[in-house]
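A.B. asks: The opening residue of the sequence shown carries number 0 in numbering that gives the first Met the number 0; numbering runs sequentially from there.
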Amino acid sequence: MRFGDFRALDGVDWSVEGTGVVGLIGLNGAGKSTLIRVALGLQSVTAGTVEVPIGLAAVGYCPDTPGFEPWLTAREVLEQSRAIGAARRDRAREPVDAVLATVGLERSGHRRVGGFSRGMLQRLGIAAALVRDPEMLILDEPTSALDPEGRAAVLALIRDLGERMTVVFSSHLLADVEELAEGLLVLHHGRVVFQGSAADFRAAHAGVPMLRIALTGGRIVESAPPQWGPALAEVSAHSADIDDIRITRPSLGDAFFAAIGETP
Numbered sequence: 000m001r002f003g004d005f006r007a008l009d010g011v012d013w014s015v016e017g018t019g020v021v022g023l024i025g026l027n028g029a030g031k032s033t034l035i036r037v038a039l040g041l042q043s044v045t046a047g048t049v050e051v052p053i054g055l056a057a058v059g060y061c062p063d064t065p066g067f068e069p070w071l072t073a074r075e076v077l078e079q080s081r082a083i084g085a086a087r088r089d090r091a092r093e094p095v096d097a098v099l100a101t102v103g104l105e106r107s108g109h110r111r112v113g114g115f116s117r118g119m120l121q122r123l124g125i126a127a128a129l130v131r132d133p134e135m136l137i138l139d140e141p142t143s144a145l146d147p148e149g150r151a152a153v154l155a156l157i158r159d160l161g162e163r164m165t166v167v168f169s170s171h172l173l174a175d176v177e178e179l180a181e182g183l184l185v186l187h188h189g190r191v192v193f194q195g196s197a198a199d200f201r202a203a204h205a206g207v208p209m210l211r212i213a214l215t216g217g218r219i220v221e222s223a224p225p226q227w228g229p230a231l232a233e234v235s236a237h238s239a240d241i242d243d244i245r246i247t248r249p250s251l252g253d254a255f256f257a258a259i260g261e262t263p
């Protein structure tokens, strides 16, 4: 995907199928939003093809800051969303109230959305995509600008949705991706750095877990897995002097910056 001389996407080859949660990560300008627009048919590619075998009507989308007419109620928003576009006749539709219950807004269906919090609007945006009964859901920065309570609610919702459909979500919050995503697509300067399972990505690009034992007096004993036995044997004779013992595991963030060759 080119914009003038700038390549927003460069040789991206990626496929998604089955249920589960897939994280789309990369620095600003990596091509995440462009890839989403291309997948949704909102942007024509300069070269190559995009195939959506299930049809675009089976793909739901929620932007990072969903907006609705403030005078509409939540129920009216979903009825409007369902009415827009071609109807899908291959799947039974859930009642609007059932979709509101899915996102935890069952008690707010009658309320005008102008009074909704940021977190409620985010969940309503997801509901507006779900009401069309998609097989795939694409979310762009779904937890951006949310407070801790709203973020936790949206993450729990994404986890539940991933059990019955494909959910692709982009995020700068790598802790959210690490918590939810079973699969990953990592972009850097418009190119694919990695695609596959999150576990394989960490194994390939992050260090090994480390055992760290802190003793009184400031002494620290650290060791990699092959030496955990000898390290524990060494300090066992001084067990009364142990202040702290823990295993530190590399994070998705550690693996990400190692993969793109940059430091946080």
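From the three backbone atoms N, C-alpha and C, an ideal C-beta is built for every residue, glycine too. Because the structure is a prediction, the values reported are computed rather than measured.
Verify whether the separation of the beta carbon atoms of L156 and V191 is less than 7 Å.
C.D. replies: For the purposes of this step, residue 156 is identified with residue 157 of the sequence shown, where counting begins at 1. For the purposes of this step, residue 191 is identified with residue 192 of the sequence shown, where counting begins at 1. Cβ distance not < 7 Å, so L156 and V191 don't count as in contact.
A.B. asks: Cα-Cα, which of A46, V58 and I53 is closest to I35?
C.D. replies: Here residue 35 refers to the residue found at position 36 when the sequence shown is read from its first residue. Taking only the C-alpha atoms, the option nearest I35 is V58.
A.B. asks: Taking its Cβ as the centre, do 16 or more other Cβ atoms sit within 10 Å of S285, making it buried, or is it exposed?
C.D. replies: With the chain running from 0 to 263 in the structure shown, residue 285 is simply not present.
A.B. asks: Would you kindly report the start and end of the unbroken beta strand (DSSP E) that includes E233?
C.D. replies: The residue given as residue 233 occupies position 234 in the sequence shown. Per DSSP, E233 belongs to no beta strand (DSSP E); it is in the alpha helix (DSSP H), W227 to S235.
A.B. asks: Give me the Cα-Cα distance between S235 and G260, rounded to the nearest whole angstrom.
C.D. replies: Working through the sequence shown from its first residue, we reach residue 235 at position 236. Working through the sequence shown from its first residue, we reach residue 260 at position 261. Their Cα atoms are separated by approximately 40 Å.
A.B. asks: Is it true that the CB of F115 sits closer than 7 Å to the CB of P141?
C.D. replies: Here residue 141 corresponds to residue number 142 of the sequence shown, with the count starting at 1. Here residue 115 corresponds to residue number 116 of the sequence shown, with the count starting at 1. Contact: no.
A.B. asks: Helix, strand or coil: how does DSSP classify M164 here?
C.D. replies: For the purposes of this step, residue 164 is taken as the residue at position 165 of the sequence shown. Correct three-state label for M164: coil.
A.B. asks: CA-CA distance, D240 and A232?
C.D. replies: Counting from 1 along the sequence shown, the entry for residue 240 is found at position 241. Counting from 1 along the sequence shown, the entry for residue 232 is found at position 233. Approximately 14 Å between the Cα atoms of the pair.
A.B. asks: Could you check what DSSP says for E16 in three-state terms: helix, strand or coil?
C.D. replies: Taking the first residue of the sequence shown as position 1, residue 16 is located at position 17. Reduced to three states, the DSSP call for E16 is coil.
A.B. asks: Within 10 angstroms of the Cβ of F183, are there 16 or more other Cβ atoms? Answer buried if so, exposed if not.
C.D. replies: Along the sequence shown, read from residue 1 onward, the residue named residue 183 stands at position 184. It should be pointed out that residue 183 corresponds to Leu in this sequence rather than to Phe. Buried.
A.B. asks: Per DSSP, which residues does G59 bridge with? Please list them.
C.D. replies: Indexing the sequence shown from 1 puts residue 59 at position 60. G59 is bridged to L136.
A.B. asks: At the level of alpha carbons, what is the spacing between Y60 and L210?
C.D. replies: Translated into the one-based positions of the sequence shown, residue 60 becomes position 61. Translated into the one-based positions of the sequence shown, residue 210 becomes position 211. Straight-line Cα distance between these residues: approximately 43 Å.
A.B. asks: Based on the DSSP output, what are the partners of Q194 in its beta bridges?
C.D. replies: For the purposes of this step, residue 194 is taken as residue 195 along the sequence shown, with counting starting at 1. Answer is L184.
A.B. asks: Taking all protein chains shown into account, do 16 or more other C-beta atoms lie within 10 angstroms of the C-beta of V130, making it buried, or fewer, making it exposed?
C.D. replies: Looking up residue 130 in the sequence shown gives position 131. It counts as buried.
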